[in-house]
Amino acid sequence: MSRVIGFGDLLVHLSPPGYQRLMQADHFDVNYTGAEANTLVSLALFGVDTQFVTRLPDNLVTDCALNNLRRYRVGVDHVVLGGDRIGVYYLEKGASQRPSRLVYDRKFTSLATTQPGDLDWERIFEGATHFHFTGITPALGPQLPAICQEACQAAHRHGMLVSCDLNYRSALWNLDTARRVMGELAPEVDILIGNEEDPEKLLGVKPQNTDVSRGQLDKAAYEEVAAVLTGRYSFKAVAFTLRQSLSASDNIWSGMLYQDGQVFRSREYAIHLVDRVGGGDAFSAGLLYGMIQGYDPQHTVDFAAAASCLKQTMEQDFGLSYPEEVEALLRDGGAGRIQR
Numbered sequence: 001m002s003r004v005i006g007f008g009d010l011l012v013h014l015s016p017p018g019y020q021r022l023m024q025a026d027h028f029d030v031n032y033t034g035a036e037a038n039t040l041v042s043l044a045l046f047g048v049d050t051q052f053v054t055r056l057p058d059n060l061v062t063d064c065a066l067n068n069l070r071r072y073r074v075g076v077d078h079v080v081l082g083g084d085r086i087g088v089y090y091l092e093k094g095a096s097q098r099p100s101r102l103v104y105d106r107k108f109t110s111l112a113t114t115q116p117g118d119l120d121w122e123r124i125f126e127g128a129t130h131f132h133f134t135g136i137t138p139a140l141g142p143q144l145p146a147i148c149q150e151a152c153q154a155a156h157r158h159g160m161l162v163s164c165d166l167n168y169r170s171a172l173w174n175l176d177t178a179r180r181v182m183g184e185l186a187p188e189v190d191i192l193i194g195n196e197e198d199p200e201k202l203l204g205v206k207p208q209n210t211d212v213s214r215g216q217l218d219k220a221a222y223e224e225v226a227a228v229l230t231g232r233y234s235f236k237a238v239a240f241t242l243r244q245s246l247s248a249s250d251n252i253w254s255g256m257l258y259q260d261g262q263v264f265r266s267r268e269y270a271i272h273l274v275d276r277v278g279g280g281d282a283f284s285a286g287l288l289y290g291m292i293q294g295y296d297p298q299h300t301v302d303f304a305a306a307a308s309c310l311k312q313t314m315e316q317d318f319g320l321s322y323p324e325e326v327e328a329l330l331r332d333g334g335a336g337r338i339q340r
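Numbering (the working numbering), first residue to last: 1 to 340.
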């Protein structure tokens, strides 16, 4: 039985209804989210045993947030209560030519003020097989890079696979610091995941003939990027999501997996977006699920891309698909006909 441990922040997500701008809103829709938590929710719905690790204040909002994870069968046995704040972010959903906009309120949160020793990794990792974190977590507080490294090293002592989604967030830390920290953490990672921008920004490997801001991607160039990164850090696998933004409402989406010197590409999906936030987290979940199930690399990346495609047709941040729904998209092509 596989068990995936995810370590990261849990936040309150506040959004104006529909496509209103923040300046229009007189109330907000409430959601609870976090990159690693999003990944664990998808994995739990796929039938994988999961446990989420974080530090949160001891108050009623934390109760609501944790109950939301329990609702989707994510374990919260190792959540530590302490500190004063839960993080918040505000999202104004874009449409057509107007991009989405996000505002963070995450300073001095309970996780950001976590200290080495607050989390007992030896106990947390008992019986676990996989450890997942993202590049968001070490950005949140001065001690978190060291805590992430401590966790990765403990995971390896327990014989676990370590996966990391690079997830660069310019609003959380400057690029020089991010490059230094992620460069130090990369050797601890077995399965590296990133989007079309991350490898250049965080690990200094630029795909040729690519202009992400214009939605121009040379997909063949990412094979070379993955090969260079694998040679540098000895990753067991490297996976990228590749998003071509036609507008805030319509994207071309696919995934790529590089493993054992070979590249495997998913089909492309033309997605009319309902909510793109969490798409990469659903991809991470699909990738880990495929590996846990022993799928061949092609099926694994196909499953991951399909799972993340489906997530982007859903409101809020969780990918709420069952494995049979993902497989149906792979089998039927996504015509979207009503199921009776």
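Don't be surprised by glycine CBs; every beta carbon is placed ideally from N, CA and C. Nothing here was measured: the structure is a model prediction, and the numbers come from that model.
- Take residue 30, set aside five residues on each side of it, and the residues of its chain with a beta-carbon closer than 8 Å to its own are 12, 13, 14, in chain order.
- Per DSSP, residue 90 lies in no alpha helix (DSSP H); the unbroken beta strand (DSSP E) holding it starts and ends at 87-92.
- Nearest Cα to residue 58 within the set 258, 81, 240, 52: 81.
- Under the three-state reduction of DSSP, residue 3 is assigned to strand.
- Look at the region 38-105 and you find these whole runs of beta strand (DSSP E), each 3 residues long or longer: 49-53, 87-92, 101-105.
- Shown here for residue 210: same chain residues with a beta carbon closer than 7 Å to its own, the five before and five after excluded, namely 216, 217, 218, 221 in chain order.
- DSSP places residue 161 within a strand segment (E or B) once states are collapsed to three.
- The Cβ atoms of residue 109 and residue 86 sit closer than 9 Å to each other.
- The C-alpha of residue 267 lies about 12 Å from the C-alpha of residue 300.
- Exposure of residue 206 is indicated by the presence of fewer than 16 other C-beta atoms within 10 angstroms of its C-beta.
- In this structure, the beta-carbon distance from residue 192 to residue 237 falls below 9 Å.
- Short of 8 Å from the beta carbon of residue 24, and not among the five residues preceding or following it, lie these beta carbons of its own chain, in chain order: 16.
- For residue 48, the closest C-alpha among the options 289, 316, 159 is that of 289.
- DSSP assignment within the region 124-178 yields the following whole beta strand (DSSP E) runs of 3 residues or more, N-terminal first: 130-134, 161-165.
- Take the alpha-carbon of residue 107 and the one of residue 62: they are about 17 Å apart.
- Under the Cβ criterion (8 Å, minimum of three pairs), the region 96-106 does not count as touching the region 63-75.
- Secondary structure at residue 10: coil, using DSSP grouped into helix, strand and coil.
- In this structure, residue 69 places its C-beta atom within 9 Å of the C-beta atom of residue 32.
- When the five nearest sequence neighbours on each side are left out, the beta carbons in the same chain lying within less than 7 Å of the beta carbon of residue 314 are those of 274, 275, 320, in order along the chain.
- Judged by their CB atoms, residue 164 and residue 186 are nearer to each other than the 9 Å cut-off.
- Only residues of its own chain outside the window of five on either side were considered, and among them 8, 9, 10, 11 have a CB closer than 7 Å to the CB of residue 34, listed in chain order.
- Under DSSP, residue 238 shares a beta bridge with 192, 258.
- Here the region 142-162 lies against the region 113-121, with 3 or more beta-carbon pairs under 8 Å apart.
- Residue pairing by DSSP puts residue 271 in a beta bridge opposite 251.
- In the displayed model, residue 15 falls within a strand according to three-state DSSP.
- Residue 332: member of the alpha helix (DSSP H) spanning 323-332, first to last residue.
- Contact between residue 196 and residue 242 is confirmed by a C-beta separation of about 5 Å, below the 8 Å threshold.
- Put simply, the backbone Cα of residue 277 is about 11 Å away from that of residue 94.
- Apart from the 5 residues on each side of it in sequence, residue 28 sits with its Cβ closer than 7 Å to the Cβ of 14, 15, 16 in its chain, given in chain order.
- Here residue 171 is exposed, its C-beta having fewer than 16 other C-beta atoms within 10 Å.
- 305 is the residue among 305, 265, 316 whose C-alpha sits nearest the C-alpha of residue 328.
- Looking only at 333, 324, 151, 316, the smallest Cα-Cα distance to residue 18 is reached by 316.
- Contact annotation: residue 283 and residue 255 have beta-carbon atoms nearer than 9 Å.
- Of the other Cβ atoms in all chains shown, fewer than 16 fall within 10 Å of the Cβ of residue 1; this residue is therefore exposed.
- For residue 228, the enclosing alpha helix (DSSP H) has its first and last residue at 219-233.
- Here the C-alpha atom of residue 154 lies approximately 21 Å from the C-alpha atom of residue 39.
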